[in-house]
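For the protein sequence lines, the chains are F and G, in the order given.
Its first residue numbered 13, the first sequence is counted upward by one per residue in the numbering used here.
Its first residue numbered 109, the second sequence is counted upward by one per residue in the numbering used here.
Inspection log for the structure reproduced underneath, given as structure tokens.
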Amino acid sequence: MLRPSLDSLTEGRAVGQSPARLDGRDKVTGRALYLDDLTFPGQVFGRTVRSTVPHARLLGVRFDPAFDWSGITRVTAADIQGDNVVQLIADDQPFLARDVIRHAEEPVALLACADRERLEAALAHVFVDVEPLPPVLDPLRSEVVFKQYLIDHAASGLAEAFARADRVVEGTYLVRHQEQMYIEPNAVCAVPREDGGMTLHGSMQCPFYVHRALQRLLRVGEQQISVLQTVTGGGFGGKEEYPSMVAGHAALLARKSGRPVKMVYRRDEDVAATTKRHPAVMRHRTAVQRDGTLLACEIDVVMDGGAYVTLSPVVASRGVLHAAGAYRWPHARIACRVVQTNTPPNGAFRGFGVPQTIFAVEAQIEKIARELQLDPLEVRRRNALELGDETPTGQKLLWSVSARECLDAVAERSGYAEKRAAFARENAAPGARRKRGIGISLALHGAGFTGAGEAKLKARAGVELTPDGARVLSISTDIGQGTLTVFAQMAADALGLPVPAIEIAESDTSRMPDSGPTVASRTLMVVGGTIAKAAQALSRTLCSFAAEVHGAVAGDVLCENGVFIARGRSLAPFGEIARRWLAERGPLRVVEQYVHPQGIEFDEVSYRGAAYPCYGWSATAVELSVDADTAEVRLDHVVTACDVGKAVHPILAEGQIEGGTVQALGYALLEEVIWKDGRILNTRMQNYLIPTAVDVPHVETILVENPYPHGPYGAKGIGELPATPERILRAIDAAKAGR
Amino acid sequence: MTVRLSMTVNGQPRTAEVPPLKRLLDVLREDLGLTGTKEGCGEGECGACTVLIDGELACSCLVAAAQADGTRIVTIEGIAGRDETLAPVQRCFVEQGGAQCGICTPGMIVAAQRFLDSGAEPSDANVRAAIAGNLCRCTGYQKIVEAIQAAARERGGGA
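And the structure:
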């Protein structure tokens, strides 16, 4: 059968509209069940004993003989029958430390008890004997490199470019940790099975990560593990890899105790122990012409990976691939290394290495403009990537490039030019105690996995027929972004059904095809497109069947708004045909595999080629004022223009942009992880501050729709695009400088 | 040691036999089976456990069970009508994108309902002040503010 490409998808009544989100009613009534809302018969509660030192030889774990341990399950590394390794990229991170402690808060032992008060008391009676070793806490002093990258873009011409430049600008930029601070902490429940396997319920982004981790840990077969995602109260990357750790701990306790074990992290434990955004030190050296034209760059990025590899190689890869920003560079040499320190491992957080490197390049552009006494907006406009330009990996941009369009849109909407002039006058006035500033920044974000990631993963997703419509089959998780709803919209349009006729199957690894992890702004673009393709195939099958039953020509039949019609004649409602098929021919299930567009290739050795099939683009204007006496910053207005390709659900798309923008504002202005001797001092919401409703202004969003020809309906990934903090600092600079 | 609590919860008389220092949050969730009220921090910062006690907003994680004896409590389960019709503010949250991951939503809606009942002018500043005790990490608050303003407009008899 000929398979139409996604280019042939046509919008029906759902795509481009904003129907009520499928889980909306449950969420506003309190009926949505998160992990901690569930009670499992016979459940006990689990807790983790952790290291308090950042680096040490682990001599042993002792349980106080004077304490009454009856009814308390105890697990140490010695109890592990399978591999004591959290399955991810490298086999270096244990579920429970055995001989060496490599970071503070590293798990050392586990306890479970039905009585939570006794459980808390028991924690104080476990003694971890260590012989401290000197920790490495400064990434610039680390000698252990997890991974390094080099992008060489006509670098043989670098020296010449620097020699003929009107100006060489240098800058060093530093960004620190950021905590995801999802409002629902990590939470799982492991339920032991009679076959020696485990059923794991939990708050997570990537059920198959947990599935693979548990197989190795428990040394059981694929069929003996089921992982079910419960309604998840935020992730932002923080529930990409860490749930494998929590799930493993609960499973170890469940296997030993023979009872369901619930582990719900306390807030302070979640902040202290789980992954954060990678800190980075970034050095820029730029050759530039007097008129602001960028000639060449040398960029050096060092990221702090923490104690174990986790996702650091991929974070650093994405970081280095975005380090040159949304600009055209005739010559570039970009190096990045991610190193080990004795701090809790850093990991996935919305943007995944990009907010760090975009921050640095945007700061550098600002510095260039200042030194050349040019308007920074003009420097950005002059150098912004356009269709046909090449990125530093030699990727020729063939479609969907909107850097200039986004810049122009926010410049106009924010009144940038007038305000810049007016603020300069006001700020210079004698006695001005509030200085105002406005700044614009530019960003891009590669959609989907880096390089050959999607081609290797071969994501599978599909649909199956129900008596009244269809059910979407995937393992992709809704963590708030609205996955369930956009999947239903796309399936509905492909089938000619109203959105309420579409159900979404429960996210269960034992029954769903592996559509891959819910990360990398890939879910709508990659999995959504695959679902739409499967729904088209299901539709063709049913149209033929309807034609057969009603004596019409197969090619004439289509389904519109839930009714099969042929040449204007109504044949039957969808449900009638569906029920007849199910009765006469049995289940109908179509699962498709994602096909990466041809010609989009990337060489992972030379780091040359098309790193991403397409990019999201954004420009943001921030207007703020600074109190000249107290240095207090007040945000006055934010305008952001984001090219999303196609807004499948405009309200959800705006929700991603507004939410991501406010996270970035938080990173820039409020959020700071404070360390002492390798441990975090501010592990609570009282002292790690995220923005409240009164800390942030109205965020005005301009949706730009420049279609990606291989995305469903032209859509491309946008979830991470707004997460960069650079925008805000540009405006502060402007205000402080009195400009 | 336990105490016997008598409360009116969402208009119904309810009793519970619990330790006097048990958190009201846990009484609601464990003893009364009302799991719509969520825990995000356990220290009164996030507001996910917000309920109304005698008409005033409170973080139920900071209230000892004994303090709740004899009070009237409204939780998220008490906001919709008896016939399960969504309250206007709930419907506006669904329509305007006010809920994403949803974990802050019950507390947020209780706070929003209290604001609407106060009859205050639904200006951007007033609405933001009314939900300043409720943290949301997903939405950036914009759509929450818009949902509350839409509900206020309906209540005002407008379109």
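Where is the CB? At the ideal position from N, CA and C, for every residue including glycine.
Pick out whichever of the options has its Cα sitting closest to the Cα of residue i.
i	options	result
C157 (chain G)	G:S231, G:A237, G:G264 and G:G210	G:G210
G83 (chain F)	F:P151, F:H261, F:A102 and F:A134	F:A134
A455 (chain F)	F:Y221, F:P734, F:G169 and F:A167	F:P734
K431 (chain F)	F:V332, F:G245 and F:D387	F:D387
G574 (chain F)	F:S618, F:G250, F:T553 and F:G508	F:G508
L240 (chain F)	F:Y221, F:P585 and F:G246	F:Y221
A590 (chain F)	F:R552, F:A578, F:E604 and F:Q29	F:R552
P77 (chain F)	F:H137, F:P119 and F:R302	F:H137
I237 (chain F)	F:L212, F:R179, F:S63 and F:V200	F:L212
A595 (chain F)	F:E310, F:P479, F:P662 and F:P609	F:P479
A260 (chain G)	G:A195, G:G205 and G:I184	G:A195
K251 (chain G)	F:V706, F:K728 and F:G671	F:G671
P709 (chain F)	G:T247, G:R263 and G:E262	G:T247
A631 (chain F)	F:Q668, F:V422 and F:V674	F:V422
P272 (chain F)	F:E438, F:L149, F:R279 and F:A263	F:A263
V243 (chain F)	F:L50, F:L123 and F:Q93	F:L50
For residue i, count the other beta carbons within 10 Å of its own beta carbon; 16 or more makes it buried, fewer makes it exposed. Which is it?
i	result
R751 (chain F)	Per-residue confidence for R751 (chain F) stands at a pLDDT of 43, beneath the threshold of 50, marking its modelled position as unreliable; the derived number appears in the next sentence. Answer is buried; the Cβ neighbour count reaches 16.
F364 (chain F)	buried
L693 (chain F)	exposed
P16 (chain F)	Confidence is the limiting factor: at P16 (chain F) the pLDDT is only 36, short of 50, which leaves the residue's position unreliable, though a coordinate-based value still follows. Exposed is the call here.
R112 (chain G)	exposed
I686 (chain F)	exposed
L18 (chain F)	Residue placement at L18 (chain F) cannot be trusted, given a pLDDT of 47 that sits under 50; what the coordinates show is reported in the next sentence. It counts as buried.
D505 (chain F)	buried
N354 (chain F)	buried
Q385 (chain F)	exposed
T328 (chain G)	Here chain G has residues from 109 to 267 only, and residue 328 (chain G) is not among them.
K251 (chain F)	buried
V65 (chain F)	buried
N198 (chain F)	buried
G723 (chain F)	buried
R153 (chain F)	exposed
What span of residues does the alpha helix (DSSP H) with residue i cover, start to end?
i	result
G331 (chain F)	S324 to L333
V391 (chain F)	P388 to N395
Q257 (chain G)	Q250 to R263
T213 (chain G)	T213 to S226
T495 (chain F)	T495 to L507
H261 (chain F)	Y254 to S269
I669 (chain F)	P662 to L681
E417 (chain F)	A415 to S426
I589 (chain F)	F586 to R597
V366 (chain F)	V366 to L384
P144 (chain F)	Where P144 (chain F) is concerned, there is no enclosing alpha helix (DSSP H), although the beta strand (DSSP E) it sits in stretches over V138 to P144.
Skipping 5 residues on each side, what residues in its chain have a beta carbon closer than 6 Å to that of residue i?
i	result
N718 (chain F)	S412, S414 and D655
D568 (chain F)	A578 and R579
E683 (chain F)	Q190
F201 (chain G)	A207 and A255
G266 (chain G)	Reliability fails at G266 (chain G), whose pLDDT of 45 lies under 50, so the model's placement of it is uncertain and the value that follows must be treated cautiously. The answer is none, since no qualifying residue turns up.
Tell me which residues share the same chain as residue i and place their Cβ nearer than 8 Å to its Cβ, disregarding the 5 neighbours each side in the sequence.
i	result
W593 (chain F)	L477, L554, F557 and L600
P510 (chain F)	R25, A26, A504, N573 and G574
A640 (chain F)	A444, R445, R446 and K447
A467 (chain F)	H608
Just to confirm the assignment, what range does the beta strand (DSSP E) spanning residue i have?
i	result
L160 (chain G)	T158 to I161
Q227 (chain F)	Unbroken run through Q227 (chain F) is the alpha helix (DSSP H), P219 to L230; no beta strand (DSSP E).
W629 (chain F)	Y627 to D639
L701 (chain F)	First-last for L701 (chain F): undefined, no H or E at that position.
A347 (chain F)	H343 to Q352
E712 (chain F)	V711 to V716
Sorted by chain position, which residues of the same chain lie with C-beta nearer than 7 Å to residue i's C-beta, five sequence neighbours on each side aside?
i	result
V9 (chain F)	In the structure as shown, chain F begins at 13 and stops at 751. Residue 9 (chain F) is therefore absent and cannot be evaluated.
P585 (chain F)	G574 and V575
L170 (chain G)	G152
Open item on the list: I want to know whether the stretch 79-95 of chain F touches the stretch 156-176 of chain F - three or more CB-CB distances under 8 Å.
Closed with: no
Task: the stretch 105-117 of chain F in contact with the stretch 28-47 of chain F per 3-pair CB rule at 8 Å - done: no
Open item on the list: Tell me whether the stretch 297-308 of chain F and the stretch 168-185 of chain F touch, counting them as touching only if at least three CB pairs, one residue from each stretch, are closer than 8 Å.
Closed with: yes
Open item on the list: So, does the stretch 155-169 of chain G touch the stretch 226-244 of chain G, judging by three or more C-beta pairs under 8 Å?
Closed with: yes
TODO: Assess, as a yes-or-no matter, whether the stretch 523-541 of chain F is touched by the stretch 455-464 of chain F under the definition of 3 or more beta carbon pairs within less than 8 Å.
DONE: yes
Open item on the list: Any contact between the stretch 267-284 of chain F and the stretch 55-62 of chain F? By contact I mean 3 or more CB pairs, one from each, below 8 Å.
Closed with: yes
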